[in-house]
Structure formats: C-alpha cells, structure tokens
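Notes for the one structure printed next.
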C-alpha cells in the first residue's frame, strides 16, 4: 500500500481510520475489516478471545493507526535525515564571516532563524518518539490471537510493524543527534567569545557564494520542518486516546497478591476518563502506586495531569473505570457504600484548597463535625481544644469562617481533618489559595503533626517547594506516574 509522503488532503488518511468488527455466533467466529489494509476481511475464532470484544477493538484500532502512520512517517524521517546530512556539512564549514557589518548582521539574523527551526524540530522529534514508544504493546497482545486473512495472516504484519518501529526509533535518534550537533555549532558561531579564530572575507560576492549551499539546504530544511509539523499535528491529536489504550493493555486483572504488607493504600492499573461535551479527558492512564503506612508523600505535577482524580479514587470519592484501589488490603471500590462512607469518616481526613468549612457554624463546631457524624464525641471537648491549640487558632474558637483569614481557615480545616485521629490525611492543594508565607506555615504545621503522630499524609500540589516538605515525591505527567 503506497502513501504520498505528505498527502495534499488529510482526508486521504481519514478514510483509512475506521474498523468494522462483527460476531458470527452460528459459526463461532468473529470477523473484522481494517480500512488501512488493502486486504480482505480477517477472521478468528470466538473461543480464542479471553478478553472482551471491546478490548479487541481497541487493539485493532491501534494496529489500523500504525498501518497508516508508520510507512509514510519513516519515509519522512529519511528525507529529514538526508537534508540534515547536507546541512551538517555546510555548517561545519561555516568558519568565516563578512567584513561588511550590514551583510554580516543579516547573515546572523538568518542563522538565528535556522537555530529556531532546528529547535522546533527537536520538539517534533520528541512527539514522534512518544508515538513510536506508545505502540510497543499491541504487537505482543494481538499475536496471541490466531487471526487470518484471505491473503495473509495478521501476525506477520505485526512483526513487520515492530521492525518498522525499531528502525524508526534508531533513525530518530540519529536525526536528534545531528540536530543537536548543528545547534551547537551555530550557537558557537553566534557567540563572539567562541568564534575569534574564523576567517574574515572582504569581498561581498565571495561571501555570498560561500553561503550558497548553506542557504539552499536551509530552505530544504524549512520545508521539511513544515511538512513534519503538519504530519505530527495530524497524528499527535490521537496521542491521549492511544496512550490510554496501550497502557490499558498492560493491565494485570488481579495484582492483589503483589501488595506489600507495610502499605496502607495500593493502586493497581487505575484508569479514569471523563466526557466533556464531545471530548474525552483521559485523566488516569494506568497508575500503579503504593503508599506505606505512616508515610508523608507529595504527588507533584502541573494542572490537568490527573492528581486530584487519583486522590479522589484513592479516597473512594470517585470510582475508576478500570483497576483497583486497596485500603489496608481491602478493595475499596468493591466495598458497600455504607462501609466505604464509614471508612472515610473514621480512617480518612480531608483538607481542600477551598477549605470547605460550613459558613453557618463556628470554628469549634466545624472542627467537631467529623466526630459528631461518627458518633465518637465522648471526650470531644478536650480534644477540640487541644487541636485548636495545636494549630494555633484557639483564640478563634467561637468565630465563624467569614471572620477568619485564609491561613486561619486552612488551620481549621487541618484541625477538622485530625479530629477522628485518621490513618490517612488527603490534602488537595492545601496551599493553593494562600500566599507563600502562609502556605509555608501550613506545610510546617502538617509536617509537625506527621512527625508527632506518624500518620500517613498525601499532599497534592503543583509547587515544587511544597512537595519538598514530604518524605517522598511522586511525579505525575499525562495521567501516569513518571517517577516515585
């Protein structure tokens, strides 16, 4: 199947995006058609499918995408590699400058434009690398099915795709190396302290002639960058969806036996999507995480990476689409609602960015609320007094939230979270609405309570300074754990 390197209309590709799958119960078969393949219908036996038809469709969608993406993208990369070969030679020979200041100034502007184009190419290469590395799973997953087509099996096609990905990644590394080498040479040229030994050309025409090959190949590069940009923009749009599905393939349905004994919360293969109009937000894309009893951890990441969604799932406030959350070894999502509510009330404390205080009751009553709801108010009066003293707001015990500053309201929220002596404190951006000084005071207070009581604290934040108060930092990016 042949594709133009960059189709004049992307509808040429869009027409290849769909798949069709149907079951034939009479013959115990399934059949599917992948629009990207110029082959007849593929067939398989229903008894071979251990997973659901929906999961098979997800895998086939990625194979269909790959068949559309790999061959023309590899050709595009080869073209880029050839242009960079020529450009690298030109740049390495650029050991001269013009004696004419105006001409030299114009050339330096051109050089800066070339540096910017090469820099943008680095970003495009990063997206391509993400796409390639995203699709290592489907080949292994689909090879277990004995799928046959009227012309050829699907398994050899999967093997061919794997080989293409391997060659493409090798070529991508090669291209990235050449880009970096060109950038280093050009930046050194623009740095006067590093180009004192270069030749000064007096003749304008000679200077222009020396640059003929460089300018010609630079224009070729500019064209290739634009081609690749359109190409990556088109395919990169599908990254969130395929990121979700490829990680979904890695799921081990039951990992409860792998939970370490010293953990209080274990997350296994967690996925969560939201629908916003016609858009699907892939908030969690396969999270595995263990929180030890008595640990102080910070989950760090920019807005929108899934931090709050993860916290809500760990606390049983939200239910994941796939995966499990274990609290003290028990599947939190399988608990009855009544038991889950009781667990949250007695075992968990919550601190929110917006404080979440009830405005019509005073500080003392807000702090007492969890204990009142739990029916454990026996020695409550003295405990509330101790908590208010501990967080430094005992003088505001009878004041209402509207009479308190932001820092004072967050201290009330901390005291309230501690009322029932919970095993875990969940703090979602606890300093988000506070100034830096007050924010640090709140974090010092939380650190102090952790050291004194050895309770588990999980803080969600986008601020590195706040995360450093924790014993362990968990970095989230695009709905997955990047490091822990």
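In the UniProt record's numbering, the protein residues as written are 1 to 484. Beta carbons are placed, not taken as given, at the ideal position from N, Cα and C, and that holds for glycine.
contact_flag[the region 298 to 309, the region 330 to 349] where n(CB pairs < 8 angstroms) is 3 or more: Taking 8 angstroms as the limit for Cβ pairs, the verdict is that the region 330 to 349 does not touch the region 298 to 309.
Coarse secondary structure for residue 485, derived from DSSP in three states: The question about residue 485 has no answer, for the chain in this structure spans 1 to 484.
Environment of residue 150 [buried if 16+ CB atoms lie within 10 Å]: Residue placement at residue 150 cannot be trusted, given a pLDDT of 46 that sits under 50; the coordinates are not used to answer.
Close Cβ partners of residue 291 (< 7 angstroms) along its chain, the five nearest in sequence each way excluded: Close CB contacts of residue 291 within its chain, under the 7 angstroms cut and outside five residues either way in sequence, are with 263, 264, 265, 297, 456, 458 (chain order).
Pair within 7 angstroms by beta-carbon distance, residue 201 and residue 98: Closer than 7 angstroms, so yes.
Beta-carbon spacing of residue 426, residue 352 below 7 angstroms: At the C-beta level, residue 426 and residue 352 stay beyond 7 angstroms of one another.
Residue-level contact to chain C via CB, residue 335, 7 angstroms cutoff: No chain C is part of this structure, which consists of one protein chain only.
Residue ranges of each beta strand (DSSP E) within the region 282 to 350, 3 or longer: With a minimum length of 3 residues, the continuous beta strand (DSSP E) runs that stay inside the region 282 to 350 are 296 to 300, 322 to 327.
Whole-number beta carbon distance between residue 445 and residue 391, since they are thought to touch under 8 angstroms: Between residue 445 and residue 391 the Cβ distance is about 6 angstroms, and since that is below 8 angstroms, they are a contact.
Three-pair Cβ contact test at 8 angstroms for the region 168 to 181 versus the region 76 to 83: Result yes; three or more Cβ-Cβ pairs closer than 8 angstroms.
CB of residue 124 within 7 angstroms of CB of residue 217, strictly: It is not a contact, given that the beta carbons lie outside the stated cut-off.
Nearest neighbour of residue 463, chosen from 453, 439, 484 [CA to CA]: When only C-alpha atoms are compared, the closest one is 439.
Per DSSP, cross-strand counterpart(s) of residue 271: Answer by DSSP bridge pairing, in chain order: 285, 322.
Residue 71 versus residue 168: straight-line alpha-carbon distance, rounded: Roughly 9 angstroms between the two C-alpha positions.
Backbone secondary structure at residue 463 - three-state DSSP: Correct three-state label for residue 463: coil.
Reference residue 403, options 214, 363, 441, 287, closest by Cα: When each option's Cα is compared against that of residue 403, the closest is 363.
Cβ neighbours of residue 119 in the same chain (closer than 8 angstroms, five flanking residues each side left out): Answer for residue 119: 183, listed in chain order.
Helix, strand or coil at residue 419 according to DSSP, with G and I counted as helix: Here DSSP, grouped into helix, strand and coil, assigns residue 419 to coil.
According to DSSP, residues forming a beta bridge with residue 222: According to DSSP, residue 222 shares a beta bridge with no other residue.
Cβ-heavy atom distance, residue 163 to the ligand SAM, below 6 angstroms: Of ligands this structure carries none, so the ligand SAM is not represented either.
Alpha carbon of residue 393 to alpha carbon of residue 384, nearest angstrom: Between residue 393 and residue 384, the C-alpha separation is close to 11 angstroms.
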